[in-house]
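Asker:
Protein chains: 4
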Amino acid sequence: MTTETRITVRYAETDQMGITHHSVYPIWFEAARTDWIKQLGLTYSQLEKMGVMTPLSQLECRYTGVSRYEDELTVCCFVTELSAARIRFGYEVLRQGEEKPICTGSTLHGWVDSQTFRPVNMKKRFPDLYAQIETQLEPGQKA
Amino acid sequence: MTTETRITVRYAETDQMGITHHSVYPIWFEAARTDWIKQLGLTYSQLEKMGVMTPLSQLECRYTGVSRYEDELTVCCFVTELSAARIRFGYEVLRQGEEKPICTGSTLHGWVDSQTFRPVNMKKRFPDLYAQIETQLEPGQKA
Amino acid sequence: MTTETRITVRYAETDQMGITHHSVYPIWFEAARTDWIKQLGLTYSQLEKMGVMTPLSQLECRYTGVSRYEDELTVCCFVTELSAARIRFGYEVLRQGEEKPICTGSTLHGWVDSQTFRPVNMKKRFPDLYAQIETQLEPGQKA
Amino acid sequence: MTTETRITVRYAETDQMGITHHSVYPIWFEAARTDWIKQLGLTYSQLEKMGVMTPLSQLECRYTGVSRYEDELTVCCFVTELSAARIRFGYEVLRQGEEKPICTGSTLHGWVDSQTFRPVNMKKRFPDLYAQIETQLEPGQKA
Chain A
1 MTTETRITVR
11 YAETDQMGIT
21 HHSVYPIWFE
31 AARTDWIKQL
41 GLTYSQLEKM
51 GVMTPLSQLE
61 CRYTGVSRYE
71 DELTVCCFVT
81 ELSAARIRFG
91 YEVLRQGEEK
101 PICTGSTLHG
111 WVDSQTFRPV
121 NMKKRFPDLY
131 AQIETQLEPG
141 QKA
Chain B
1 MTTETRITVR
11 YAETDQMGIT
21 HHSVYPIWFE
31 AARTDWIKQL
41 GLTYSQLEKM
51 GVMTPLSQLE
61 CRYTGVSRYE
71 DELTVCCFVT
81 ELSAARIRFG
91 YEVLRQGEEK
101 PICTGSTLHG
111 WVDSQTFRPV
121 NMKKRFPDLY
131 AQIETQLEPG
141 QKA
Chain C
1 MTTETRITVR
11 YAETDQMGIT
21 HHSVYPIWFE
31 AARTDWIKQL
41 GLTYSQLEKM
51 GVMTPLSQLE
61 CRYTGVSRYE
71 DELTVCCFVT
81 ELSAARIRFG
91 YEVLRQGEEK
101 PICTGSTLHG
111 WVDSQTFRPV
121 NMKKRFPDLY
131 AQIETQLEPG
141 QKA
Chain D
1 MTTETRITVR
11 YAETDQMGIT
21 HHSVYPIWFE
31 AARTDWIKQL
41 GLTYSQLEKM
51 GVMTPLSQLE
61 CRYTGVSRYE
71 DELTVCCFVT
81 ELSAARIRFG
91 YEVLRQGEEK
101 PICTGSTLHG
111 WVDSQTFRPV
121 NMKKRFPDLY
131 AQIETQLEPG
141 QKA
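Residue numbers (my numbering), protein chains in the order written: chain A, 1 to 143; chain B, 1 to 143; chain C, 1 to 143; chain D, 1 to 143.
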């Protein structure tokens, strides 16, 4: 499952180089991740209420192009790795109508208890949800 | 009591006009407010732990100049209004060595219970802290 | 003319109070302003290329409610004041399906030359565009 | 040469998890990079005026801890890689008084002409500056 999130670059997101500041892409990744989870049939807010948070442990971005104010972009989001302890999402940011992404990236998240901030074994705690995410893994990816 | 907070403009805070984006000044106001409260001898974090939050009900900014990447600024912060229900802070942002501010502003905050988000009578709940803030009001301001 | 811009609150836009940080609303106002100008039939990017910028001289926000992560909001934008030297926009932020705004605000902008940053007499420099904006003023507002 | 930049976590930088949002660390990296360049005896603003920009091509962060509102942090910055075409900076974010970083990262930048956005051969165009940076490389790193 790959979701597509539409983004229009905001003025505040540009910097004095006249392009989107690089720190904005991780925020778009997060908006895309929100949509990915919503596609599963629950919201990330519900997940937090269920007692699970997914703080980042790694972030990677490759910037291969630029975007500018008012550009209309699509952020593709998919899951590339899943285990009882962690989940990794991948991202591609494309200018609409183009095939070559202007930015690609990934984020690695731990499954964490929202009260204690301690690791949660997601496979045991929420086996159904875990199984559902597993079916959405990109082909060829490791569960 | 007026506090002075030093700010160096970050690259990410600029926009494609080549100046600091206007939405950044309220964030600097907040950093200045943090320092003002710290001058009282407690931290805002402690205040939140005491059960009090101060969400904004009003924000006003007047932009009379611009700032740019790497500019070194001073944000002056003072209290202009105090009641059992609310507190208003005033701000002036100056480029170092200049007398005319590039931005002035104010924020109005309700005293709110951090669990219920309901109004707190600050004068009754924390009379000593309230009295202490009262002595720090700018001369000629209303308590 | 009033435009309506859809916003979904991003995780990064929340703060430790669990609500959208107040400095984010001016950024949404700007996204709404972008849409308002687009409704005129040109983009703000084109306006900048025509040699005109509209830096803020004033910002006002009244926060009458809160918004939270994943909330779906509508930002209404309209022009409340227009002169050869300045333009003022008004805003209302509503949670979808509600009538009472959670935030209202206004921004005042000077018409400025994008090279020199000096005031531009908009009525003389772009009479057609000025007349077009004039027809979009809210009834009862001053031109 | 390793520079140390002092950061106090701003309220606006926290999210509803109660910790600093992960997208803020790259902004602190940038503030640290600004200080690193300043230590060379020029400012990044001067570098841009000399006709050189350094847009990011890669960003990597490892989050090994968390920071919270009002935490006082140190961001260490150093150069780990240098060539005529690119420069890589490394970062460590530490809570003051602690030895184990809460975040480490790196950014890779191209040397780019500020007018054309095309690659610049830094070794040829500014041989003295290039040589000066070369002497500041961390021991054991590749030039």
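Here a beta-carbon is modelled for each residue, glycine too, at the ideal position from N, C-alpha and C.
9 Å is my cut-off, CB to CB: does arginine 68(A) come that close to chain C?
Answerer: At least one chain C Cβ lies under 9 Å of arginine 68(A).
Asker: Taking the alpha carbon of leucine 96(A) as the point to measure from, which residue in Val112(A), Glu138(A), Arg6(A) has its own alpha carbon closest?
Answerer: It should be noted that the sequence gives glutamine, not leucine, for residue 96(A). For the residues Val112(A), Glu138(A), Arg6(A), the minimum Cα distance to glutamine 96(A) belongs to Arg6(A).
Asker: Residues of chain B with a CB under 7 Å from the CB of threonine 14(A): which are they?
Answerer: Under the 7 Å cutoff, chain B gives Asp15, Gln16.
Asker: Look at tryptophan 36(C) and threonine 14(C) and say whether their C-beta atoms are less than 9 Å apart.
Answerer: No. Outside cutoff.
Asker: If you follow the beta strand (DSSP E) that leucine 56(D) is in, where does it begin and where does it stop?
Answerer: Here the beta strand (DSSP E) through leucine 56(D) covers 56 to 63.
Asker: Run through DSSP, which three-state label would tyrosine 69(C) get?
Answerer: In the structure shown, tyrosine 69(C) sits in coil (DSSP, three-state: anything other than H, G, I, E or B).
Asker: Distance cutoff 9 Å, beta carbons only. Does tyrosine 63(D) sit that close to anything in chain A?
Answerer: Yes, contact with chain A.
Asker: Check the Cβ of threonine 43(D) against every Cβ in chain B and list those closer than 7 Å, keeping chain order.
Answerer: Ordered by position in chain B, the residues that pass the 7 Å Cβ test against threonine 43(D) are Glu70.
Asker: With H, G and I counted as helix, E and B as strand and the rest as coil, what does DSSP make of threonine 2(C)?
Answerer: Three-state result, threonine 2(C): coil.
Asker: Just mark threonine 135(D) as buried or exposed, buried being the case when its beta carbon has 16 or more other beta carbons within 10 Å.
Answerer: It is exposed - the Cβ of threonine 135(D) has fewer than 16 other Cβ atoms within 10 Å.
Asker: First and last residue of the alpha helix (DSSP H) that includes phenylalanine 117(C)?
Answerer: Counting along the chain, phenylalanine 117(C) falls outside any alpha helix (DSSP H), and DSSP gives it neither H nor E.
Asker: Given that glutamine 58(A) touches chain D, what residues does it touch there, using C-beta distances under 9 Å?
Answerer: Those are Glu60, Cys61, Arg62, Tyr63, listed as they occur along chain D.
Asker: Taking any Cβ of chain A, which residues in the stretch 26 to 55 of chain D have a Cβ under 7 Å from it, in chain order?
Answerer: Within the stretch 26 to 55 of chain D, the residues whose Cβ lies closer than 7 Å to some Cβ of chain A are Pro26, Ile27, Met53, Pro55, listed in chain order.
Asker: Which partner residues does threonine 20(C) have in the DSSP bridge list?
Answerer: DSSP output for threonine 20(C) lists Thr14(C) as bridge partner(s).
Asker: Tell me which same chain residues have a C-beta within less than 7 Å of the C-beta of aspartate 71(A), skipping the five on either side of it?
Answerer: For aspartate 71(A), where only same-chain residues beyond five positions count, the Cβ hits under 7 Å are Val9, Arg95.
Asker: Quick one: is glycine 90(B) buried, meaning 16 or more other Cβ sit within 10 Å of its Cβ, or exposed?
Answerer: So glycine 90(B) ends up on the buried side.
Asker: Look at the alpha carbon of alanine 31(B) and the alpha carbon of serine 45(B), and state the distance between them as a whole number of angstroms.
Answerer: Looking at the two C-alpha atoms, the distance is approximately 13 Å.
Asker: Taking 9 Å as the threshold (C-beta atoms), are histidine 109(C) and threonine 54(C) in contact?
Answerer: In contact: threonine 54(C) and histidine 109(C) (Cβ atoms closer than 9 Å).
Asker: DSSP beta-bridge partners for methionine 53(D)?
Answerer: Paired residues: Val112(D).
Asker: Looking at chain B, is there any beta carbon in it that lies within less than 9 Å of the beta carbon of isoleucine 133(A)?
Answerer: With 9 Å as the cut-off, isoleucine 133(A) does not count as an interface residue toward chain B.
Asker: Round the Cβ separation of serine 57(B) and tyrosine 63(C) to the nearest angstrom and send it over; I've been treating them as touching at under 8 Å.
Answerer: Yes, they are in contact, since the Cβ atoms of serine 57(B) and tyrosine 63(C) sit about 5 Å apart, within 8 Å.
Asker: Give, in chain order, every residue of the stretch 105 to 131 of chain B whose Cβ lies closer than 9 Å to some Cβ of chain D.
Answerer: Against chain D - using a Cβ distance shorter than 9 Å - the stretch 105 to 131 of chain B contributes no residues.
Asker: Pop quiz: tryptophan 225(B) and arginine 86(B) are said to be a contact at Cβ under 8 Å. What is the actual Cβ separation, rounded to whole angstroms?
Answerer: In this structure chain B extends from 1 to 143, so residue 225(B) is not present and cannot be described.
Asker: Excluding sequence positions up to five away, which residues of its chain have a Cβ less than 7 Å from the Cβ of alanine 131(C)?
Answerer: Around alanine 131(C): no qualifying Cβ.
Asker: Nearest to leucine 59(C) by CA position, among Thr104(B), Glu98(B), Ile19(B), is which residue?
Answerer: Checking every option, the nearest Cα to that of leucine 59(C) belongs to Thr104(B).
Asker: Does any CB atom of chain A fall closer than 9 Å to the CB of threonine 80(C)?
Answerer: Closer than 9 Å: no.
Asker: Check the Cβ of serine 23(B) against every Cβ in chain C and list those closer than 7 Å, keeping chain order.
Answerer: The answer, in chain order, is Ser23, Pro26, Ile27.
Asker: Looking only at DSSP bridge pairs, what is serine 106(C) linked to?
Answerer: Paired residues: Glu60(C), Gly90(C).
Asker: Could you confirm whether any beta carbon from chain D is found closer than 9 Å to the beta carbon of isoleucine 7(A)?
Answerer: No, no contact with chain D.
Asker: Sorted by chain position, which residues of the same chain lie with C-beta nearer than 8 Å to valine 52(B)'s C-beta, five sequence neighbours on each side aside?
Answerer: So the list reads Trp111, Val112, Asp113, Ser114, Val120, Met122, Arg125, Phe126, once near-sequence residues are dropped.
Asker: Taking buried to mean at least 16 other C-beta atoms within 10 Å of its own C-beta, is threonine 107(B) buried or exposed?
Answerer: That one is buried.
Asker: Would you say valine 79(D) and methionine 1(D) are within 9 Å of each other, going by their C-beta atoms?
Answerer: Yes; because the gap between Cβ atoms is below 9 Å, this pair is in contact.
Asker: What is the DSSP secondary structure of phenylalanine 78(B), counted as helix, strand or coil?
Answerer: Of the three classes helix, strand and coil, the one that applies to phenylalanine 78(B) here is strand, per DSSP.
Asker: Quick check: the Cα distance between serine 67(A) and valine 93(A), rounded to an integer number of angstroms?
Answerer: Their Cα atoms are separated by approximately 10 Å.
Asker: Which of the three DSSP states, helix, strand or coil, is assigned to threonine 160(D)?
Answerer: Since the first residue shown for chain D is 1 and the last is 143, residue 160(D) is missing from the structure and cannot be characterised.
Asker: Can you grab the Cα-Cα spacing for the pair methionine 50(A) / glutamate 99(B), in whole Å?
Answerer: Spanning the two alpha carbons is a distance of roughly 54 Å.
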